[in-house]
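Have a look at the structure below before the remarks.
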Amino acid sequence: MTGKPLALNKIHRMDAIEGLKRIPDASVDLIVTDPPYNIASKNRSTMQSGKIVSTMQAWGAWDHFHPFDYDILIMSVISQCYRILKPGGALYMFTAREQNGFFIRQAVARGFVYRNQLTMVKKNPLPSFSKSNWRSGFETSMYLTVGKPKTFNFVSQAECKNVFAYANSHRQTKHPTEKPLDLIKLIVRVSSNENDLVVDPFMGSGTTAVACKALGRTFLGFELEPEYIKMANERLKGGGRNGRKRKNQ
Ligand SMILES: C[S@@+](CC[C@H](N)C(=O)[O-])C[C@H]1O[C@@H](n2cnc3c(N)ncnc32)[C@H](O)[C@@H]1O
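Note that the numbering used here has the sequence shown beginning at 3, numbered continuously upward.
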């Protein structure tokens, strides 16, 4: 750990690695994070505000790295997460499907126990614009712990299934990759207890922070883009809505 301790219940405008280095060893109960996937491209399409645009236009430069730089970033994040988690603490990290197995092996090599993968099935995936490949209908998160998990609040057989269905209408902000709040809340509820410290080094629109606030957990997070921090702070102030109504809650 380097530097002064950081204020809690705050999203700091800071690089993820620089922020993680400021957190003391074995001090965190849970990490839930959704880093860049490194899939932004001029040749891949997505939908934004009803228009077909390239994923590079939609997600911007923050999701575009040389593959070697990307591996170094994620492996550094995994190493820092292992250092800051308490014994029995858990890391949930979303990654692109094609990267998942590689990063799980890297995490296990650094000492993590691989426990499961969560799959988020999209009820209404985007159509295939080129009709030259399968539609993208799911995303995954790895679930890893430091030794035996110290917290696993089994909610119910139905909710603790590793497949989670969601509709795209979950969005509360204009962040292009906002995660479904219901799923993040479920992870936080299952793998932490009230007042526990939960870290998200890539906060985006603040979904992890909003889940923690709603469930009485302490949060700490990092994000580079001021406009996303603003969105997150508005959600935190307004109880998580940021002016958009949810259809599925
Ligand atoms: C996939 S998004 C996270 C979305 C978030 N889960 C949500 O629900 O809104 C990844 C975020 O990481 C931020 N980011 C990219 N590189 C970063 C870095 N080095 N340090 C901190 N944040 C970074 C991006 O600006 C982006 O908002």
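Cβ coordinates follow ideal geometry from the N, Cα and C atoms, glycine included.
Under the criterion of a Cβ to heavy atom distance below 7 Å, does residue i qualify as lining ligand 1?
| i | result |
| --- | --- |
| W64 | yes |
| H68 | no |
| H14 | no |
| T179 | yes |
| F224 | yes |
| F204 | yes |
| T209 | yes |
| Y2 | The structure shown does not extend to residue 2, since the chain is modelled only from 3 to 251, so the question has no answer here. |
| D36 | yes |
| A169 | no |
| A18 | yes |
| E236 | no |
| E227 | yes |
Just how far apart, CA to CA, sit residue i and residue j?
| i | j | result |
| --- | --- | --- |
| F204 | M95 | 10 Å |
| G52 | L238 | 27 Å |
| E196 | V110 | 28 Å |
| G91 | N155 | 13 Å |
| G254 | G5 | With the chain represented from 3 up to 251, any question about residue 254 goes unanswered, as that position is not in the structure. |
| K247 | H172 | The predicted position of K247 is uncertain, since its pLDDT is 38 and thus under 50; no value can be drawn from it. |
| D198 | V79 | 21 Å |
| T209 | L183 | 6 Å |
| M3 | F131 | 47 Å |
| R137 | I41 | 15 Å |
| P89 | A28 | 7 Å |
| S47 | Q59 | 9 Å |
| T142 | Y84 | 20 Å |
| I86 | N235 | 25 Å |
| I25 | L8 | 7 Å |
| P228 | R15 | 7 Å |
| N253 | M49 | Outside the displayed range of the chain (3 to 251) lies residue 253, so it cannot be described from this structure. |
| P178 | S207 | 9 Å |
| G21 | D73 | 19 Å |
| F224 | Y39 | 17 Å |
| S43 | I54 | 13 Å |
| T153 | T57 | 37 Å |
| I13 | Q174 | 18 Å |
| M144 | D202 | 15 Å |
| V30 | C214 | 14 Å |
| T35 | K133 | 32 Å |
| D17 | E161 | 34 Å |
| R117 | K23 | 25 Å |
| F67 | R112 | 23 Å |
| E180 | L226 | 15 Å |
| D71 | R107 | 18 Å |
Return the residue from the list the options that minimises the CA-CA distance to residue i.
| i | options | result |
| --- | --- | --- |
| Q101 | K133, A60, N45, P37 | P37 |
| G218 | L146, G5, N11 | N11 |
| S193 | T48, K150, T121, P178 | K150 |
| Q119 | G113, A98, R112 | A98 |
| T220 | K181, S81, A211 | A211 |
| A216 | G240, F70, I231 | G240 |
| Q82 | I19, Q174, S207 | I19 |
| L146 | M233, I231, G103, C214 | G103 |
| Q232 | K176, D71, H68, C214 | Reading off the sequence shown, one finds Lys at residue 232, where the question assumed Gln. The option with the nearest alpha carbon to K232 is K176. |
| M122 | T57, G223, A169, I54 | A169 |
| L93 | V148, S43, F67, R107 | V148 |
Please report the Cβ distance between residue i and residue j, rounded to the nearest whole angstrom; I am assuming they are in contact, meaning their Cβ atoms lie under 8 Å.
| i | j | result |
| --- | --- | --- |
| L1 | V200 | The first residue shown for the chain is 3 and the last is 251, placing residue 1 beyond what the model contains. |
| I76 | F105 | 6 Å |
May I ask whether a heavy atom of ligand 2 can be found less than 7 Å away from the beta carbon of residue i?
| i | result |
| --- | --- |
| T142 | Annotation note on ligand 2: not contained in the displayed structure, which lists ligand 1 as its ligands. |
**Message:** Does the region 59 to 77 come into contact with the region 162 to 169, if we say contact requires no fewer than three beta-carbon pairs (one atom in each stretch) closer than 8 Å?
**Reply:** Between the region 59 to 77 and the region 162 to 169, the count of Cβ pairs shorter than 8 Å is below three; the stretches do not touch.
**Request:** Would you be able to state if there are at least three C-beta pairs under 8 Å between the region 183 to 190 and the region 126 to 135?
**Result:** No, they do not touch.
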